[in-house]
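Engineer: Chains as they are written, first to last, in my numbering: chain F, 360 to 439; chain A, -6 to 462.
The beta carbon of each residue, even a glycine, is placed where N, CA and C say it ideally should be.
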């Protein structure tokens, strides 16, 4: 699985959405499942998928699908 | 003596009452705005509010207290169907809500995104003491509300101000829904003390919340157990929070591990950590564990608040005098609600509790006088601070034609079905309750065990599952 696929999978599974919902307009609270409980689940899924421990600043900045990609780059996760 | 919180606010005059974004409002401005929002409403007629942690909601709330208009505080997470049913049951004369909430009623723009809807009010004249209706459960859409008086609100706020030493220099930041008794108790006690409430709808998991907290130099906030689970994930121990003076916890059992972790982490930072216990039926608070002993009495909810008193009863109804003996927890105090309501007719009823509350919780008291909650008499869970009555949930499921029942412990809700309808069930729970989908698990069982009289044998259900796992 590519990193992009792993990234997408974390969103699809924790927020129970379909691939066509992934995109720039997927943001915190844009869908009901992405509330604070969903957010922490998403963070856990991403940490597991990439075997990283995210800093507080990054957890609270991860407020949209595109921002997550930028944040993960800091942890040497590369997206092609 | 009847005291009203609203009567105490004018004395705070030009002190800053609240801040939201870049704006601040003095107590004088708050009272003036509150008056302008409610001054045309008919006396003694029920008002409904679908609140948020913002200035307009605070104004409507204060305005209703001031004018002695009974207020129905709807849970912010209420679903459209439940909102319609609740309004039909209580028949308020007006509803303050975000513009666009109703499209069938005549509305007036209140500014800041709010509208006031004019509705057909009930003929029932509410009881003179009635100030507020609070829901016992934000998530199942139940129409059962707690009736609170002006004295209830004032006495609980006064007691909280006393034991937390709240002063006009405190600045709480909102972390809990306005309609939730615990969230509202933080607002009430700080208004009484002339403090500055930092209003935000931003959640703890977003940067904007922490930016507001730092910029406005918040001195405190409250959290339910799940808040503390999140704070742990956010590495609270490593955070620098120089302005925070103390944190409180309520809304369900914290668990010894989290209690210990936060009592120690807070002590390290010079922050007081105060676990508390309460119920909406007691306006909010019944007990607190003083920050000084919070590191030692792990798992305890401390002692009754000033002006309140606990009693433990054994199965025969006798008062338990021996320490460390479990019994049903009874609370006495001026903050015990008048009673319940489920329709407009109930608003005419007066005080039915006379200051005595059967909490339904089983507790024990140690030799030092600290109380520990050990379980519940009835089937209740607290999910993310929201009380979920399992019997109520079961009847909801039965009404909808599901062959499913609920069970669980502490903060884990289990729904059992004996049909292959997990997906429909999941869909129903998502659309008709505001339970987060991670808060429950749906399990297929071959058959739901019942007694001869048809009562669900919950113990058998859970033990059968434990064997299978």
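Closest by CA to residue 367 of chain A, which one among A/321, A/406, A/346, A/395?
Structural biologist: With distances taken between Cα atoms, residue 367 of chain A lies closest to A/321.
Engineer: Is there at least one Cβ from chain A nearer than 8 Å to residue 392 of chain F's Cβ?
Structural biologist: True, the Cβ-Cβ gap to chain A drops below 8 Å.
Engineer: Determine which residues share a DSSP beta bridge with residue 379 of chain A and list them.
Structural biologist: BP columns for residue 379 of chain A point to A/376.
Engineer: Which residues, in chain order, does the segment 417 to 431 of chain F contribute to contact with chain A at a C-beta distance below 9 Å?
Structural biologist: Against chain A - using a Cβ distance shorter than 9 Å - the residues of the segment 417 to 431 of chain F are 418, 419, 420, 421, 422.
Engineer: Between residue 45 of chain A and chain F, is the shortest Cβ-Cβ distance under 8 Å, so that the two count as touching?
Structural biologist: No - not a single Cβ of chain F is within 8 Å of the one on residue 45 of chain A.
Engineer: Might you give, ordered along the chain, the residues of its own chain that have their beta carbon closer than 7 Å to the beta carbon of residue 201 of chain A, omitting 5 neighbours on each side?
Structural biologist: Only 195 meet the Cβ criterion.
Engineer: In three-state terms, what does DSSP make of residue 16 of chain A?
Structural biologist: Reduced to three states, the DSSP call for residue 16 of chain A is strand.
Engineer: Assuming residue 209 of chain A and residue 166 of chain A are in contact, meaning their beta carbons sit under 8 Å apart, how far apart are those beta carbons, in whole angstroms?
Structural biologist: Rounded, the Cβ-Cβ distance is 7 Å, consistent with contact.
Engineer: Kindly indicate which three-state DSSP category residue 59 of chain A falls into: helix, strand or coil?
Structural biologist: Of the three classes helix, strand and coil, the one that applies to residue 59 of chain A here is helix, per DSSP.
Engineer: Under 8 Å between C-beta atoms, does residue 175 of chain A make it to chain F?
Structural biologist: It does not: the Cβ of residue 175 of chain A has no partner Cβ on chain F nearer than 8 Å.
Engineer: From the DSSP output, in three-state form, read off residue 163 of chain A for me.
Structural biologist: In this structure, residue 163 of chain A counts as coil in the three-state DSSP scheme.
Engineer: Classify residue 309 of chain A as helix, strand or coil using the three-state DSSP reduction.
Structural biologist: Correct three-state label for residue 309 of chain A: coil.
Engineer: Is residue 396 of chain F close to chain A, meaning its C-beta is less than 8 Å from at least one C-beta of that chain?
Structural biologist: So, interface residue.
Engineer: Quick one: does residue 400 of chain F have its CB under 8 Å from some CB of chain A?
Structural biologist: Closer than 8 Å to some Cβ of chain A, the Cβ of residue 400 of chain F qualifies, so yes.
Engineer: Counting only the same chain and skipping the five closest in sequence on each side, list residues whose C-beta sits under 6 Å from that of residue 249 of chain A.
Structural biologist: Taken in chain order, the residues that qualify are 291, 292.
Engineer: Quick check on DSSP: helix, strand or coil for residue 53 of chain A?
Structural biologist: Residue state, collapsed to three classes: helix.
Engineer: Does chain F have any CB closer than 8 Å to the CB of residue 211 of chain A?
Structural biologist: Residue 211 of chain A does not count as touching chain F.
Engineer: Taking the straight line between their C-alpha atoms, what separation do you get for residue 205 of chain A and residue 159 of chain A?
Structural biologist: Approximately 21 Å, taken between the alpha carbons.
Engineer: For residue 384 of chain A, which option in A/406, A/363, A/365 has the closest C-alpha, if you only look at C-alpha atoms?
Structural biologist: Nearest C-alpha to residue 384 of chain A: A/406.
Engineer: Looking only at its chain, what residues have a beta carbon closer than 6 Å to the beta carbon of residue 451 of chain A, apart from the 5 residues adjacent to it on each side?
Structural biologist: Taken in chain order, the residues that qualify are 400.
Engineer: So what's residue 370 of chain F in DSSP terms, helix, strand or just coil?
Structural biologist: Helix.
Engineer: Under a three-way DSSP split, which group does residue 10 of chain A fall into?
Structural biologist: Three-state result, residue 10 of chain A: strand.
Engineer: Apply the 10 Å Cβ neighbour rule to residue 436 of chain F and answer buried if 16 or more other Cβ atoms are within range, or exposed otherwise.
Structural biologist: Under this definition residue 436 of chain F is a buried residue.
Engineer: Are the Cβ atoms of residue 47 of chain A and residue 105 of chain A separated by less than 8 Å?
Structural biologist: In this structure, residue 105 of chain A lies closer than 8 Å to residue 47 of chain A by Cβ.
Engineer: Please classify residue 360 of chain F as buried or exposed, where buried requires at least 16 neighbouring CB atoms within 10 angstroms.
Structural biologist: Flag for residue 360 of chain F reads exposed.
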